[in-house]
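These notes concern the structure reproduced below.
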Amino acid sequence: MKKKKHLLVLDDEKNYLLVLEALLTDAGYKVTALNDPETALTFLEESDVDVVITDMKMPKITGAEVLEHVRKNYPGLPVLIMTAFGTIQSAVEVMRTGAFDYIAKPFSNDELLLSVQNAVELSQARQNYQLLTENFQTRYGRNNIIGKSNAIRSVLSIIDRAAPSKSTVLITGESGTGKELVARAIHFSSPRKGAPFVSVNCMALNPSLLESELFGHEKGSFTGAVAMKRGRFELADTGTLFLDEIGELSHDMQVKLLRVLQERRIERVGGTEEIEVDIRIVAATNKDLLEEVKKGNFREDLYYRLNVVHMQIPPLRERREDIPLLVAHFVEKISEEQDIAERTFTPEALDYLSGYEWPGNIRQLENVIERCLVLGTGADISVDDLPPEVRDEESQLKSAVDLLPVQLDLSDTLEKIEAALIRRALARGNFVQVKAAESLGISKSLLQYKLKKYNITGH
Ligand SMILES: Nc1ncnc2c1ncn2[C@@H]1O[C@H](COP(=O)(O)OP(=O)(O)OP(=O)(O)O)[C@@H](O)[C@H]1O
Ligand SMILES: [Mg+2]
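Under the UniProt record's numbering, the letters of the sequence shown match residues 1 to 459, in that order.
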């Protein structure tokens, strides 16, 4: 059964209170009727109330004071004020200070019920919004950044230090490394987390559309501007504006953005009024912006304005130790989202995932895991379930070689690698020599020869 909405009704006239209680209970609400405002304030502290309905004129504490108390302590809770006929003027005052509605006594039952219903709906919407915001905060908070590599630790530490401030942050890194994730984590770890996180992709729109998207426009400022529209700068007021793909900004827009960063004021397209905006800017790009500055594609002054706090997110292949953690994270996340059984990758399959180059970084890893979970049929996910590019031996070898020091002795290194491969094959084959030889594609006698050569013993 649906939970009844809980109304707190306050009136010093007991008879009136009885009538209200009966009427609202009949209408399907849970009603707490009190005639002493002081008791009511204590009651609010302990109970789960959806709407407050209060009389205006009461001894000791007035309706206006109740309203003020609720506004201060329970900002999402709607208050309905009842006033005696003839005090409409003060009712108007009360509306100004944030009452949801007022009703002049005597009122018709329908009038009261309609107003209560509206207040209940508002209260529900506010509670949903609150949940949604909390949900966002857990979903996009810094705890969602997975990894134990030094690179990730340093990213987290910069987030922690930079989030409380208003400083502009520039995030650079290859495609799919987690730039947007980091941008959101900055916002949701900052004091601005309750305000909007507004994102703009500078590449997705042509320059003239981008301008009106960012700055908004006045009605009639150009053909098609049929109504006034607020831009993203205005929408992000008191929050964070995320400028993605900032390296794609046209020269013209670079100048305009620079002005906003300097003055923290904007003008809508076709407008004359300057609007002050309080925004935190986080920008991201997969381009080497300094290189773009040198080439003359990006303004140097804008670069320095953006590059106050710089975060460089390294590609996944430079922090392979994060791969097993990320795999576990995505297996859990995707299985839950898709409502499919959680499965594990075999150690060999994990080796392949850890050895691959990942040109598309974490986004590619996530896609590969999803594909394996959805298409794989076995109890575990094995090497055969991996997409061909990941299984590709040459690319695997190349990434392994990339990890080696640049200056090395060729034959000595090859021998070391051979010995290491044999040790691994033995361990994987539970030290059964036939198995190890088979997985290495050599005969048992050759294996035994090499065991002697490298002085490898049983366990
Ligand atoms: N460290 C991480 N832990 C968990 N998930 C991550 C991590 N880094 C990235 N991801 C996930 O990988 C995907 C790609 O990340 P994101 O969109 O932030 O990358 P990007 O750098 O903005 O890429 P592009 O340059 O292509 O826009 C997202 O689903 C994100 O949640
Ligand atoms: Mg991105």
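Backbone N, C-alpha and C define an ideal beta-carbon position, used for all residues, glycine too.
Check your understanding: Is residue 377 helix, strand or coil when you go by DSSP?
Key -> For the purposes of this step, residue 377 is identified with residue 377 of the sequence shown, where counting begins at 1. Residue 377 falls in the coil class under three-state DSSP.
Check your understanding: Taking Cβ positions, are residue 17 and residue 35 nearer each other than 8 Å?
Key -> Numbered from its first residue, the sequence shown carries residue 17 at position 17. Numbered from its first residue, the sequence shown carries residue 35 at position 35. Yes.
Check your understanding: Looking only at DSSP bridge pairs, what is residue 80 linked to?
Key -> Along the sequence shown, read from residue 1 onward, the residue named residue 80 stands at position 80. Partner(s): 53 and 101.
**Study point:** the stretch 178-195 in contact with the stretch 323-334 per 3-pair CB rule at 8 Å
**Key:** Note that the stretch 178-195 does not touch the stretch 323-334; fewer than 3 beta-carbon pairs, one per stretch, sit closer than 8 Å.
Exercise for review: Anything with a beta carbon under 7 Å from a heavy atom of ligand 2 counts; list them all in chain order.
Suggested key: Cβ-based neighbours of ligand 2 within the cut-off: 179, 180, 244 and 284.
Exercise for review: Compute the minimum distance between the beta carbon of residue 326 and the heavy atoms of ligand 1, and state whether it is under 7 Å.
Suggested key: On the sequence shown, residue 326 is found 326 positions in, with the first residue counted as 1. Residue 326: yes, Cβ under 7 Å from ligand 1.
Point to revise | Reference residue 449, options 169, 422, 69 and 217, closest by Cα | key: Taking the first residue of the sequence shown as 1, we reach residue 449 at position 449. The shortest Cα separation from residue 449 among 169, 422, 69 and 217 belongs to 422.
**Study point:** For residue 201: DSSP bridge partner residues
**Key:** Here residue 201 refers to the residue found at position 201 when the sequence shown is read from its first residue. DSSP output for residue 201 lists 244 as bridge partner(s).
Point to revise | Under 8 Å between C-beta atoms of residue 55 and residue 10 | key: Residue mapping note: residue 55 aligns to position 55 of the sequence shown, counting from 1. Residue mapping note: residue 10 aligns to position 10 of the sequence shown, counting from 1. Closer than 8 Å, so yes.
**Study point:** C-beta contact flag for residue 33 and residue 21 at 8 Å
**Key:** Numbered from its first residue, the sequence shown carries residue 33 at position 33. Numbered from its first residue, the sequence shown carries residue 21 at position 21. Contact: yes.
Review point. Using a threshold of 7 Å, is the CB atom of residue 145 nearer than that to any non-hydrogen atom of ligand 3?
Key: By its list of ligands, the structure shown excludes ligand 3, since it contains just ligand 1 and ligand 2.
Exercise for review: List in chain order: all unbroken beta strand (DSSP E) runs of 3+ residues lying wholly within the stretch 228-301.
Suggested key: If we require 3 residues or more, the beta strand (DSSP E) runs fully inside the stretch 228-301 come out as 240-244, 265-267, 274-276 and 280-285.
Practice item. Could you check if residue 204 is buried or exposed, using at least 16 other CB atoms within 10 Å of its CB as the buried criterion? Key: Within the sequence shown, residue 204 is the residue found at index 204, counting from 1. Its Cβ having fewer than 16 others within 10 Å, residue 204 is exposed.
Review point. In three-state DSSP terms, what is residue 169?
Key: Counting from 1 along the sequence shown, the entry for residue 169 is found at position 169. Secondary structure at residue 169: strand, using DSSP grouped into helix, strand and coil.
Point to revise | Own chain, CB closer than 7 Å to residue 285, minus 5 neighbours either side, in chain order | key: Here the question's residue 285 lines up with position 285 in the sequence shown. In chain order, 172, 245, 246 and 247 place their CB closer than 7 Å to the CB of residue 285, counting only its own chain and leaving out the 5 sequence neighbours on each side.
Review point. Does the Cβ of residue 363 lie closer than 7 Å to at least one heavy atom of ligand 1?
Key: Numbered from 1 along the sequence shown, position 363 holds the residue referred to as residue 363. For residue 363, the shortest separation between its Cβ and any heavy atom of ligand 1 lies below 7 Å.
Review point. Based on the DSSP secondary-structure assignment, which residues constitute the bridge partners of residue 69?
Key: Locating residue 69 in the sequence shown gives position 69, counting from the first residue. In the DSSP assignment, residue 69 forms no beta bridge with any residue.
Review point. Can you tell which of 169, 193 and 111 has the C-alpha that lies nearest to the C-alpha of residue 132?
Key: As a working mapping, residue 132 is identified with position 132 in the sequence shown. From the listed residues 169, 193 and 111, the smallest Cα separation to residue 132 is found for 193.
Review point. Roughly how many angstroms separate the alpha carbons of residue 179 and residue 168, rounded to a whole number?
Key: Within the sequence shown, the letter at position 179 stands for residue 179. Within the sequence shown, the letter at position 168 stands for residue 168. Approximately 15 Å, taken between the alpha carbons.
Check your understanding: Per DSSP, what kind of secondary structure is residue 390 in: helix, strand or coil?
Key -> One-based indexing of the sequence shown puts residue 390 at position 390. Secondary structure of residue 390 (DSSP, three-state): helix.
Point to revise | Exposed unless 16 or more other CB atoms sit within 10 angstroms - verdict on residue 108 | key: To locate residue 108, count along the sequence shown from 1; it is residue 108. By the neighbour-count rule (16 or more Cβ atoms within 10 Å), residue 108 is not buried but exposed.
Point to revise | For residue 5, the residue or residues it bridges with in DSSP | key: By 1-based counting over the sequence shown, the position of residue 5 is 5. Partner(s): none; residue 5 has no beta bridge.
**Study point:** Environment of residue 223 [buried if 16+ CB atoms lie within 10 Å]
**Key:** The sequence position of residue 223 within the sequence shown is 223, counting from 1. Looking at its Cβ environment, which holds fewer than 16 other Cβ atoms inside 10 Å, residue 223 is exposed.
Review point. What residues in its chain sit with their C-beta under 7 Å from that of residue 227, if we drop five residues either side in the sequence?
Key: Taking the sequence shown and counting its residues from 1, the one referred to as residue 227 is at position 227. Answer for residue 227: 219, listed in chain order.
Practice item. Return helix, strand or coil for residue 444, following the three-state DSSP convention. Key: Counting from one through the sequence shown, the residue named residue 444 turns up at place 444. Three-state result, residue 444: helix.
Practice item. Identify, in the order they occur along the chain, each residue of the same chain with its Cβ nearer than 8 Å to the Cβ of residue 332, setting aside the five sequence neighbours on each side. Key: Here residue 332 refers to the residue found at position 332 of the sequence shown. Taken in chain order, the residues that qualify are 342.
Review point. Who are the Cβ neighbours of residue 41 in its own chain at under 7 Å, not counting the five residues just before and after it?
Key: The residue you call residue 41 lines up with position 41 of the sequence shown. Answer for residue 41: 69, listed in chain order.
Exercise for review: With hydrogens ignored, establish whether the beta-carbon of residue 286 is closer than 7 Å to any heavy atom of ligand 1.
Suggested key: Within the sequence shown, numbered from 1, the residue matching residue 286 stands at position 286. Between ligand 1 and residue 286, a heavy atom-to-CB distance of less than 7 Å is present.
Check your understanding: Is there contact between the stretch 349-368 and the stretch 305-322, where contact requires at least three CB pairs shorter than 8 Å?
Key -> Judged by Cβ distances under 8 Å, the stretch 349-368 makes contact with the stretch 305-322, as three or more pairs qualify.
Exercise for review: Provide the residue span of the alpha helix (DSSP H) that contains residue 407, from first to last.
Suggested key: Taking the first residue of the sequence shown as position 1, residue 407 is located at position 407. That residue, residue 407, is in no alpha helix (DSSP H); it is neither H nor E in DSSP.
Review point. Contact check, residue 233 vs residue 279 under 8 Å by CB: the rounded distance?
Key: Sequence index remark: in the sequence shown, residue 233 carries index 233 (1-based). Sequence index remark: in the sequence shown, residue 279 carries index 279 (1-based). 6 Å between Cβ atoms; contact.
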